[in-house]
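Trainee: Take the sequence shown: its position 92, counting from 1, is numbered 129 in the working numbering, and each next residue is one higher.
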Amino acid sequence: MLLLVGSFLVLMLVGVPVAISMAAASVLYLVSYNVAPDIIAAQRMIAGVESFPLLAVPFFILAGNLMNSAGVTGRIYSFAVALVGWMKGGLAQVNIVGSVIFSGMSGTALADAAGIGTIEIKAMKDHGYPVDAAVGVTAASATLGPIFPPSLPFVIYGMMANVSIGALFMAGVVPGVVMTVLMMLTVAIFAYKRGWGSDTPFEMKRLLAASLEVVVVLAVPLFIYLLMAAGLSMNLAVGIALVVLLALDWYFDFSAVMALMTPIILIGGMTMGWFTPTEAAVAAVIWSLFLGLVRYRTMTMSTLARATFDTIETTASVLFIVTAASIFAWLLTVSQAAQMLSGAILTITDNKWVFLILVNLLMLFVGCFLDTIAAITILVPILLPLTAQFGIDPVHFGLIMTLNLMIGLLHPPLGMVLFVLSRVAKLSVERTTMAILPWLVPLFIALILITFVPAVVLWLPQSVGLIR
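#1: With 16 as the cutoff for other CB atoms within 10 Å, does residue 226 come out buried or exposed?
#2: Do you know offhand how far residue 205's Cα is from residue 180's?
#3: Hey, would you say residue 85 sits closer than 8 Å to residue 359, going by beta carbons?
#4: Note the first and the last residue of the continuous alpha helix (DSSP H) segment covering residue 121.
#5: Just the Cα atoms here: how many angstroms apart are residue 96 and residue 336?
#6: Please determine if the region 408 to 422 and the region 438 to 449 are in contact, where contact requires at least 3 C-beta pairs separated by less than 8 Å.
#7: In angstroms, rounded to a whole number, what distance separates the CA positions of residue 307 and residue 207?
#8: Comparing alpha-carbon positions, which option in 107, 421, 378, 453 lies nearest residue 11?
#9: Determine the direct distance from the alpha carbon of residue 490 to that of residue 448, and round the result to whole angstroms.
#10: Considering only residues of the same chain and omitting the five flanking positions on each side of residue 348, which have a CB-CB separation below 7 Å?
#11: In the DSSP assignment, the alpha helix (DSSP H) including residue 169 goes from what residue to what residue?
#12: So what does DSSP say about residue 165, is it helix, strand or coil?
#13: Going along the chain, which residues of its own chain have a beta-carbon closer than 7 Å to the beta-carbon of residue 64, five neighbours each way excluded?
#14: What do you reckon, are the CB atoms on residue 157 and residue 135 nearer than 8 Å?
#15: Which residue comes first and which comes last in the alpha helix (DSSP H) that contains residue 258?
#16: Touch check for the region 386 to 394 and the region 104 to 120: three-plus C-beta pairs under 8 Å?
#17: Which word fits residue 334, buried or exposed, when buried means at least 16 other C-beta atoms lie within 10 angstroms of its C-beta?
#18: So, using beta-carbon positions, are residue 416 and residue 198 closer together than 8 Å?
#19: As a quick exercise: from 125, 284, 425, pick the residue whose alpha carbon is nearest that of residue 238.
#20: With H, G and I counted as helix, E and B as strand and the rest as coil, what does DSSP make of residue 89?
#21: Using the Cβ count rule (16 or more neighbours within 10 Å means buried), how would you classify residue 132?
#22: Note down, in chain order, each residue of its chain lying with its Cβ closer than 6 Å to the Cβ of residue 361, except the 5 sequence neighbours on either side.
#23: Closer than 7 Å by C-beta to residue 294: which residues in its own chain qualify, once you throw out the five before and the five after it? Chain order, please.
#24: Skipping 5 residues on each side, what residues in its chain have a beta carbon closer than 7 Å to that of residue 261?
#25: With contact counted as at least three CB pairs below 8 Å, one residue from each stretch, are the region 469 to 481 and the region 211 to 228 in contact?
#26: When you compare the CB positions of residue 90 and residue 202, do they come within less than 8 Å of one another, or not?
#27: What are the boundary residues of the alpha helix (DSSP H) that residue 216 is part of?
#28: Report the option in 472, 488, 365 whose CA atom is closest to the CA atom of residue 66.
#29: Specify, as a first and last residue, the run of the alpha helix (DSSP H) that residue 293 falls within.
#30: Which residues in the same chain as residue 310 place their Cβ atom closer than 8 Å to its Cβ, once the five residues preceding and following it in sequence are excluded?
#31: Taking the C-alpha atoms as reference points, what is the distance between residue 429 and residue 423?
#32: What does the alpha-carbon distance come out to for the pair residue 289 and residue 299?
#33: Return yes when the C-beta of residue 191 is under 7 Å from any heavy atom of the ligand ADP, and no when it is not.
#34: Helix, strand or coil, according to DSSP, for residue 414 in the structure here?
#35: At the level of alpha carbons, what is the spacing between residue 326 and residue 195?
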């Protein structure tokens, strides 16, 4: 096991990409110790991606790219400005609200940072905010992407841990709301201390218009319920509700109602049994195409082709990491790394809460060095048997792991969000790191709350009957 881990770390230190480092270290270990035939490397790598839930990966990535191509990000930004732009530190609050909405479409922190994050940083700089503040709040809000459903890390975790992806999606809603509130409070504190004012004048008409859009979206599930209570079938009730919604949107030309409907459609469809989480990814793509080609008519064949090629490139890199991590994780398992770690931890403590503290520290450390997908693929087979020994719900543990690894995205040496925002804002990596540090406080508070108050995570999926 020392050769496997040691060669991987050496390759990482000399700058070899994560996926290639894991694959090369795995092959070296197989050849050196002859623990299995060489063909096993290829078999395990193929088995790592031969999974139905993984079909969700390219479709969720494509949905996010299509939303960007359709110009939906601009509409989300305008809606967020109308809703909270009048507050002190208005554009920083807009940044957070915009990320919450966009997270319901993209499912990844990188898409959030590179998509709506680009618009938000430019707007904050143009309004006189320090570039450090713009980068910090954008980085922190980007972590909401994989917590609110849909979520790419939840898909990978659900596949690896054999846990309901729908339950994970539902479990992310309340923690996502908690994180949003904590970030908005942080902005309010910064605004008070640094004298940030509002960025748009308070207009009751604009605020009521934005609030009306939220009410319209929340009224759709209630309208469907009332139609079903009146004796209509579920399919007919949903069809009527969508027709009424489209008519209202065409008549009033809402800014973001259709974007806000994305998570409602996905979660509602899964709850009603219309589609699985994997099929929900296809539904997200169909909805994105409808908005871009039919409703807003902002998508052309060239933008559609560009979104498709971007999706192919991103999917290839993600699945290459999964294949390499699969053989690496398998070798860690057969070399009894899980048993060794289990024995080491059990000699330190047999207390569940102390164990969770140790695991949080481990995942925060790993998240600084490993890509999120690779970390999940490697850590789940090792840590999940331990969580079972301590009686920790796998859905709860999935939220803990994902948030830890999202925080890791903001750290050097391999924090991908850090590098994306460094490029977007034209700042050095060192200065970007310092800009992000204060914004880690609300994330760590949320992490502590999610770790030690399981009800925050489990209440909603238990309420809808996805877990017991």
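Ideal Cβ placement from N, Cα and C applies to all residues, glycine included. Please read all numbers here as calculations on a predicted model, not as lab measurements.
Mentor: Considering the structure as presented:
#1: exposed
#2: 16 Å
#3: yes
#4: 109 to 121
#5: 18 Å
#6: yes
#7: 10 Å
#8: Absent from the structure is residue 11, since the part of the chain shown begins at 38 and ends at 505.
#9: 26 Å
#10: 95, 98, 99, 102
#11: 168 to 179
#12: coil
#13: 78
#14: yes
#15: 241 to 266
#16: no
#17: exposed
#18: no
#19: 125
#20: coil
#21: buried
#22: 56, 59, 60
#23: 250, 253, 254, 286
#24: 274, 275, 278
#25: yes
#26: yes
#27: 210 to 231
#28: 365
#29: No alpha helix (DSSP H) holds residue 293; DSSP gives it neither H nor E.
#30: none
#31: 9 Å
#32: 19 Å
#33: The ligand ADP is absent from the structure shown, which contains no ligand whatsoever.
#34: helix
#35: 27 Å
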